[in-house]
Every structure is written in C-alpha cells, then in structure tokens.
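Visitor:
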Amino acid sequence: MRIGIGQINTVPGDIEGNGKKMEEYMREGRDCDVVVFPELSLPGYIPKDIILRRYFVEEQLERLERMVKKTGKATVIGGYIEKGERKHANVYDLSSVRYRKDEVFYNAAFLARDGELVGKYFKKHLPSFDVYNEERYFTPGEEKGVFEVKGKKIGVNICEDIWYDEGPVDEQASLGAELIINISASPFYRGKPGIRRRLVSKRARENKTFILYVNLVGGWDEIVFDGGSFACDPDGDIVFLAPSFKEGLFVWDMEKKERIEVKEGGYREVKDAIVLGIRDYVRKNGFRGVVLGLSGGIDSAVVACLAVEALEKENVLAIFMPGDFTSPESREDAYEIAQRLGIKLIEVPISQIYHEFLSLIEKSFPLDTLSKENLQARIRGNILMAYANKERLLVLATGNKSEISIGYNTLYGDTVGAMAPLGDLYKNEVYEIARILNEKREIIPERVFKKPPSAELRKDQRDEDDIPPYAMLDPVLYHLIEENMSVEEIVGKGYPRDVVEEILRRYYIAEYKRKQIPFVIKVSSKAFGSGRRVPITHRYRK
Numbered sequence: 031m032r033i034g035i036g037q038i039n040t041v042p043g044d045i046e047g048n049g050k051k052m053e054e055y056m057r058e059g060r061d062c063d064v065v066v067f068p069e070l071s072l073p074g075y076i077p078k079d080i081i082l083r084r085y086f087v088e089e090q091l092e093r094l095e096r097m098v099k100k101t102g103k104a105t106v107i108g109g110y111i112e113k114g115e116r117k118h119a120n121v122y123d124l125s126s127v128r129y130r131k132d133e134v135f136y137n138a139a140f141l142a143r144d145g146e147l148v149g150k151y152f153k154k155h156l157p158s159f160d161v162y163n164e165e166r167y168f169t170p171g172e173e174k175g176v177f178e179v180k181g182k183k184i185g186v187n188i189c190e191d192i193w194y195d196e197g198p199v200d201e202q203a204s205l206g207a208e209l210i211i212n213i214s215a216s217p218f219y220r221g222k223p224g225i226r227r228r229l230v231s232k233r234a235r236e237n238k239t240f241i242l243y244v245n246l247v248g249g250w251d252e253i254v255f256d257g258g259s260f261a262c263d264p265d266g267d268i269v270f271l272a273p274s275f276k277e278g279l280f281v282w283d284m285e286k287k288e289r290i291e292v293k294e295g296g297y298r299e300v301k302d303a304i305v306l307g308i309r310d311y312v313r314k315n316g317f318r319g320v321v322l323g324l325s326g327g328i329d330s331a332v333v334a335c336l337a338v339e340a341l342e343k344e345n346v347l348a349i350f351m352p353g354d355f356t357s358p359e360s361r362e363d364a365y366e367i368a369q370r371l372g373i374k375l376i377e378v379p380i381s382q383i384y385h386e387f388l389s390l391i392e393k394s395f396p397l398d399t400l401s402k403e404n405l406q407a408r409i410r411g412n413i414l415m416a417y418a419n420k421e422r423l424l425v426l427a428t429g430n431k432s433e434i435s436i437g438y439n440t441l442y443g444d445t446v447g448a449m450a451p452l453g454d455l456y457k458n459e460v461y462e463i464a465r466i467l468n469e470k471r472e473i474i475p476e477r478v479f480k481k482p483p484s485a486e487l488r489k490d491q492r493d494e495d496d497i498p499p500y501a502m503l504d505p506v507l508y509h510l511i512e513e514n515m516s517v518e519e520i521v522g523k524g525y526p527r528d529v530v531e532e533i534l535r536r537y538y539i540a541e542y543k544r545k546q547i548p549f550v551i552k553v554s555s556k557a558f559g560s561g562r563r564v565p566i567t568h569r570y571r572k
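For the sequence shown, the numbering used here begins at 31 and goes up steadily by one.
#1: Roughly how many angstroms lie between the CA atoms of LEU441 and ASN458, to the nearest whole one?
#2: Thinking ASN245 and GLY266 are a contact (beta carbons under 8 angstroms), I'd like their distance in whole angstroms, please.
#3: How would you call LEU390, buried or exposed, if buried means at least 16 neighbouring beta carbons within 10 angstroms?
#4: What is the C-beta distance between ALA418 and VAL425, in whole angstroms, given that I count them as a contact (C-beta under 8 angstroms)?
#5: ARG536: which of LYS572, ILE551, LYS552, GLY561 sits nearest, CA to CA?
#6: Out of curiosity, what's the CA-to-CA distance linking MET449 and ASP528?
#7: By the 10 Å Cβ neighbour count, where 16 or more other Cβ atoms means buried, how is GLN406 classified, buried or exposed?
#8: Determine whether the beta carbon atoms of PRO451 and ILE328 lie at a separation below 8 angstroms.
#9: Going by C-alpha distance, which of GLY109, PRO264, ILE497, SER274 is nearest ASN212?
#10: Return the chain-ordered list of same chain residues with a C-beta closer than 6 angstroms to the C-beta of SER516, the five sequence neighbours on each side being excluded.
#11: Between the C-alpha atoms of TYR75 and ILE81, what's the straight-line distance to the nearest angstrom?
#12: Could you name each continuous beta strand (DSSP E) segment of 3 residues or more that falls completely within the segment 313 to 399, going from the start of the chain to the end?
#13: Apply the 10 Å Cβ neighbour rule to ASN120 and answer buried if 16 or more other Cβ atoms are within range, or exposed otherwise.
#14: Are the beta-carbon atoms belonging to TYR438 and ILE409 less than 8 angstroms from one another?
#15: Out of SER274, THR239, ARG227, ASP283, which has the shortest C-alpha to C-alpha gap to ILE268?
#16: Do TYR162 and ASP251 have their beta-carbon atoms positioned less than 8 angstroms apart in this structure?
#17: May I ask which residues mark the beginning and end of the alpha helix (DSSP H) holding SER231?
#18: Helix, strand or coil, according to DSSP, for ILE474 in the structure here?
#19: Taking just the CA atoms, how far does LYS238 sit from ASN137?
#20: Compare the beta carbon distance of VAL460 and VAL332 with 8 angstroms and say whether it is the shorter of the two.
#21: So, do the segment 340 to 354 and the segment 367 to 377 have three or more beta carbon pairs nearer to each other than 8 angstroms?
#22: Which residues mark the beginning and the end of the beta strand (DSSP E) in which LYS117 is found?
#23: Mind checking which residues open and close the beta strand (DSSP E) that includes ASP283?
#24: CA-CA distance, PRO42 and ALA368?
#25: Taking the alpha carbon of ARG298 as the reference point, which residue from LYS470, ILE463, ARG130, PRO498 has its own alpha carbon closest?
#26: Quick one: residues in its chain with C-beta nearer than 6 angstroms to the C-beta of TYR456, no 5 flanking neighbours on either side, listed in chain order?
#27: Keeping to the same chain, check which residues put their C-beta closer than 7 angstroms to that of SER554; ignore five residues upstream and five downstream.
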C-alpha cells in the first residue's frame with residue numbers, strides 16, 4: 031500500500047484556500063492508494079470562536095461535499111468539523127444563545143473515494159490543557175473508527191486519541207486494524223517531536239500493528255506545528271519520516287522495510303520553529319515585512335538573523351537609536367550585524383528628543399532614575415511604531431523569557447510590537463540560538479557574546495546590577511514555570527531562599543505587564559500566552 035501524506039500548511043478559517051490545497055495534493059497523489067491530511071485540515075486548526083460564527087460550519091460542510099465529488103480511486107482521509115443534533119443549553123444568556131451553544135460540533139475525520147463519502151470518525155479525547163481548549167467547541171465521539179481500504183482494515187483516530195492508554199488505538203487494533211492512522215495538529219516545543227515518536231513506537235509495539243502519524247505544519251499566531259509526520263512498524267521501528275517544518279506530499283510505501291534512525295533536533299529545531307512562526311505570521315496576515323530596534327546586543331542581533339531567514343533581507347529593516355548611554359561598541363556592533371545580514375539600517379538618535387521631553391515633564395513634576403530610563407525606552411518604541419505605520423510593517427519585539435518573567439522591560443517601550451520571537455527563550459537559550467546562527471558564517475560578532483548584557487539606559491549599567499545573574503535566574507525560572515515547582519522545592523535544590531523569593535515576587539508582580547505585551551512563539555512546554563492562564567489579581571505567593 032502506497033500512502034501519500036499531505037503535510038500541509040493551512041490557515042484557520044480559509045475554507046476555500048485549504049480546500050484547494052487539499053485538492054491539489056489529491057491530484058498529485060492520485061497514484062497512491064490513500065492520501066491523508068492532518069487534523070481539521072479543511073477548516074484549519076483551529077478557528078476557535080470563528081467556529082461559532084453563523085454559517086461557518088455549514089460553509090465548510092458544503093466545501094467538503096464539493097471536495098468529496100473530486101475524489102478518485104485513492105481513499106482520501108482528512109479533518110473537518112461535523113455538525114450534530116441540537117442540545118439543551120442556557121437559552122437566557124445572550125452570549126450562549128447567539129454563539130451556538132445549543133449546537134453540537136465534532137472534531138472529525140472523513141474518508142472519501144470515487145466521489146463518495148465512505149466513512150466518518152469523531153475525536154474521542156478532547157484536550158483542554160495548556161494551549162488546547164477543544165471542550166469549548168466539540169463533543170466527544172463514540173465511533174469505532176475501523177474501515178476497509180484496499181482489502182486492509184484501517185483504524186483512523188485523531189491527535190489526542192493516541193495519547194491515552196487503553197484508548198482508541200488499542201480498541202482499533204483489537205478489531206483487527208492492520209494499520210492505524212492518527213491525523214494530528216500537534217504543536218511544537220523543544221523535545222516534543224521525540225516524545226511523539228517514542229509514544230507512537232510504544233503503541234505500535236504494544237498492538238503489533240503499523241501506525242502512521244500525520245502532523246500539521248505551519249505557524250499559527252503563537253503556535254508552530256512542525257510536521258515531521260512518521261510511521262512505525264509493528265516492532266516500533268520508524269520506517270517513514272517526513273521533513274520537519276516543510277510542507278509537501280510525502281509518499282510512504284508500506285512494503286519497504288527500511289528502519290530510520292532519528293536524531294533529536296535540539297535548539298536547531300527551536301530556531302527553525304521560530305523562523306517558521308515569523309514567516310507565517312507575517313505572510314498569512316498580509317504584511318510585507320518587519321522592523322526592529324537593533325541595539326548591538328545579543329537579543330536584537332538574534333531577532334534580526336531569524337527575521338532575515340524567515341522573510342529575506344529585503345523585507346527586514348533595523349533602526350539603531352543611540353542615546354546618552356549608548357557605547358561606541360554597541361554602535362559598531364549594530365552596524366556590523368546589519369552589514370553582514372545585508373539589511374537596511376536607519377539611525378535615529380534619541381538624545382535630543384529625550385532631553386526635550388524630560389525638560390517639559392520636569393517643569394510639572396520631577397522624575398526618578400527608573401522613570402528616566404523608561405522614558406528612553408518609550409521614545410524608542412514610538413520611533414519603531416512610527417516607522418512601522420509609515421511603511422505598513424510589523425514591529426518585532428526583542429525581549430526574552432527571562433526579562434518577561436520578572437518584568438525587566440518597559441511597557442509601551444521595548445515591549446511594543448506584533449510578536450516577541452524570543453519571548454519563550456531564557457537568556458542562556460538566546461546564546462544557544464546565536465551560536466547556531468553563527469555556524470555557517472559569523473554574523474553576530476564575537477564581542478556581542480562576551481560583553482555583559484546591558485539596557486544602556488544609565489551610565490555603566492549592567493543587567494546584573496538590577497536582577498540576579500542569568501546563571502541563577504534562568505534555572506530558578508525554569509523550575510518555577512516549566513516544572514511548576516514551589517518555593518520550598520526550588521530552595522531544596524540549593525538556591526538561596528532570599529533570591530528565590532525575590533524572583534517569585536517580581537514574577538507575580540509582572541503579570542499585568544505580560545497581559546499587555548506581544549505574543550511569544552511557543553517553543554517550551556510552558557510558554558506565556560494562551561497555555562498559561564494566571565489572573566493578574568491574586569495573592570498566592572508559594
């Protein structure tokens with residue numbers, strides 16, 4: 031059996047565009063026995079409350095009908111939203127009545143061939159943790175999900191279904207499925223591809239069956255889907271692997287017994303995920319490019335490199351905004367980085383603006399040191415936004431997860447922008463990405479790696495004058511955020527209690543800032559954004 035894996039990059043809500051892309055891949059895979067697409071491939075994963083718009087689901091079902099009529103001998107398997115019977119609901123609250131809360135929808139898979147719909151499966155396990163909230167929209171299904179294709183019994187299930195012991199995979203195998211296909215939209219974070227492969231390998235061994243895992247690829251706001259679709263044989267060995275972060279139709283011949291050794295991608299995959307996240311956000315939202323502040327420091331240097339890789343140098347512009355405390359080295363490094371990347375660099379000095387601004391304000395009230403520092407950052411933010419407005423560009427913020435975690439940033443200053451590409455990377459991880467970016471040729475000067483990080487908002491300023499050393503700050507934050515540890519557990523790992531408690535204090539105070547900054551691209555198991563729902567107003571400090 032030859033199976034075409036349509037590892038496609040969809041746009042949520044673009045029913046017609048997604049449908050056309052699926053039909054193109056169907057034509058390309060017409061010599062295959064089966065052509066498979068990822069979860070919710072027709073409506074796009076996931077349109078969120080667009081699902082609740084009047085007629086959206088109906089329009090998508092009508093488009094599916096047209097697609098089914100174009101199927102030939104190859105069995106096509108794809109994702110869509112099915113509509114069920116109406117249910118009892120709150121009919122008094124307008125937010126319920128007007129947003130289809132009396133209707134039932136399923137996260138579904140279809141099977142079609144020879145112009146007819148030949149099977150359906152409704153997802154049983156609906157994730158509602160981290161970035162997922164499928165229970166808001168969908169109802170669990172009850173179908174067995176075993177179908178006959180070319181004389182073989184094939185099981186079909188959807189994403190989360192495969193993660194449960196004694197779940198749909200085991201049931202389908204017990205019903206005689208020789209091949210189980212899981213269509214998925216599984217977001218990337220560092221280490222996640224390996225976790226998936228180990229899980230599917232385990233399921234294949236346990237059930238003595240082939241399993242094909244078909245994953246979505248592409249950026250969707252804060253989330254990146256990495257593709258990397260793969261198949262395991264009944265021994266649990268990987269026998270097919272599609273590229274990561276790449277769209278295409280990739281063919282797996284089940285008869286070929288070719289074991290594939292897979293290496294973990296580490297921070298190279300993180301870099302690729304951020305690049306795809308930038309590219310798709312800019313292009314899918316109709317912008318032509320980006321602008322960023324290039325200070326000569328490591329963070330802005332890395333963002334500039336990632337933006338150029340994502341969008342090409344012609345679509346990236348940098349602005350250098352020196353102030354009273356900008357060092358000559360920072361100027362040299364900013365110009366050198368821009369020159370090596372081949373991007374245009376504009377210089378807009380802020381000293382005159384800053385002093386005039388300061389003079390006007392202090393005629394009415396005096397400013398303290400911190401207010402003066404923040405004023406400089408906000409002037410720079412205004413300059414970036416002014417240029418972005420003029421040229422119809424998006425601003426990329428350059429802050430990292432360490433700074434965002436403890437509020438070491440300025441609201442409406444260095445936090446302005448459409449997205450923060452480094453916002454899910456701790457400072458030490460930013461250096462890891464920088465080293466990878468420098469592997470083929472030195473883009474970021476060695477001096478940038480060696481000089482102490484500084485916002486350069488006051489004389490001789492260093493980050494570590496204001497916050498704990500990153501060598502201590504980053505692991506404490508990791509234990510707190512990714513590992514969800516308490517103060518006592520972190521102190522038990524050998525960190526000074528006073529430092530841990532101060533980090534925690536700043537972490538919680540900064541919540542109001544995090545609610546107002548650009549979204550970050552998720553590359554860790556717990557990122558700031560939709561997968562972390564913490565109130566601003568609370569008093570828990572443990």
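In this text, a Cβ means the ideal position worked out from N, Cα and C, and glycines have one as well.
Guide: This is what the structure holds:
#1: Within the sequence shown, numbered from 1, the residue matching residue 441 stands at position 411. Within the sequence shown, numbered from 1, the residue matching residue 458 stands at position 428. C-alpha separation (whole angstroms): 23 angstroms.
#2: Taking the first residue of the sequence shown as 1, we reach residue 245 at position 215. Taking the first residue of the sequence shown as 1, we reach residue 266 at position 236. Not really, about 18 angstroms apart at Cβ, beyond 8 angstroms.
#3: Along the sequence shown, read from residue 1 onward, the residue named residue 390 stands at position 360. Per the 10 Å Cβ criterion, exposed.
#4: Working through the sequence shown from its first residue, we reach residue 418 at position 388. Working through the sequence shown from its first residue, we reach residue 425 at position 395. The Cβ separation is near 5 angstroms, so the contact holds.
#5: The count along the sequence shown starts at 1 and reaches residue 536 at position 506. ARG536 has its Cα closest to that of LYS572, out of LYS572, ILE551, LYS552, GLY561.
#6: Translated into the one-based positions of the sequence shown, residue 449 becomes position 419. Translated into the one-based positions of the sequence shown, residue 528 becomes position 498. Rounded to the nearest whole angstrom, the CA to CA distance from MET449 to ASP528 is 33 angstroms.
#7: If you number the sequence shown from 1, residue 406 lands on position 376. Classification for GLN406: buried.
#8: Here residue 451 refers to the residue found at position 421 of the sequence shown. Here residue 328 refers to the residue found at position 298 of the sequence shown. Against a cut-off of 8 angstroms, the Cβ pair of ILE328 and PRO451 comes out as no contact.
#9: Here residue 212 corresponds to residue number 182 of the sequence shown, with the count starting at 1. Ranking the options by Cα distance to ASN212, first place goes to GLY109.
#10: Start at 1 with the first residue of the sequence shown, and residue 516 comes out as number 486. Contacts found: LYS572.
#11: Here residue 75 refers to the residue found at position 45 of the sequence shown. Here residue 81 refers to the residue found at position 51 of the sequence shown. Those two C-alpha atoms are separated by around 11 angstroms.
#12: 320 to 323, 346 to 350, 374 to 377
#13: One-based indexing of the sequence shown puts residue 120 at position 90. Exposed.
#14: Numbered from its first residue, the sequence shown carries residue 438 at position 408. Numbered from its first residue, the sequence shown carries residue 409 at position 379. Cβ atoms of TYR438 and ILE409: not closer than 8 angstroms.
#15: Taking the sequence shown and counting its residues from 1, one reaches residue 268 at position 238. The residue among SER274, THR239, ARG227, ASP283 with its C-alpha nearest the C-alpha of ILE268 is ARG227.
#16: Taking the sequence shown and counting its residues from 1, the one referred to as residue 251 is at position 221. Taking the sequence shown and counting its residues from 1, the one referred to as residue 162 is at position 132. At least 8 angstroms separates the beta-carbon of ASP251 from that of TYR162.
#17: In the sequence shown, residue 231 corresponds to position 201, counting from 1. Run containing SER231: 222 to 237, per the alpha helix (DSSP H) assignment.
#18: Within the sequence shown, residue 474 is the residue found at index 444, counting from 1. Reduced to three states, the DSSP call for ILE474 is coil.
#19: Mapped onto the sequence shown, residue 137 falls at position 107. Mapped onto the sequence shown, residue 238 falls at position 208. Answer to the nearest angstrom: the Cα atoms are 27 angstroms apart.
#20: Position 430 of the sequence shown, counted from the first residue, corresponds to residue 460. Position 302 of the sequence shown, counted from the first residue, corresponds to residue 332. Contact: yes.
#21: Yes: at least three Cβ pairs fall under 8 angstroms.
#22: In the sequence shown, residue 117 corresponds to position 87, counting from 1. Counting along the chain, LYS117 falls outside any beta strand (DSSP E), and DSSP gives it neither H nor E.
#23: As a working mapping, residue 283 is identified with position 253 in the sequence shown. Element bounds for ASP283: 278 to 283.
#24: Here residue 42 corresponds to residue number 12 of the sequence shown, with the count starting at 1. Here residue 368 corresponds to residue number 338 of the sequence shown, with the count starting at 1. Those two C-alpha atoms are separated by around 35 angstroms.
#25: As a working mapping, residue 298 is identified with position 268 in the sequence shown. Residue ILE463 is the option with its Cα nearest to ARG298.
#26: The residue given as residue 456 occupies position 426 in the sequence shown. Answer for TYR456: LYS431, SER432, ASP504, listed in chain order.
#27: Within the sequence shown, the letter at position 524 stands for residue 554. Result list for SER554: TYR219, ARG220, ASP454, GLU512, in chain order.
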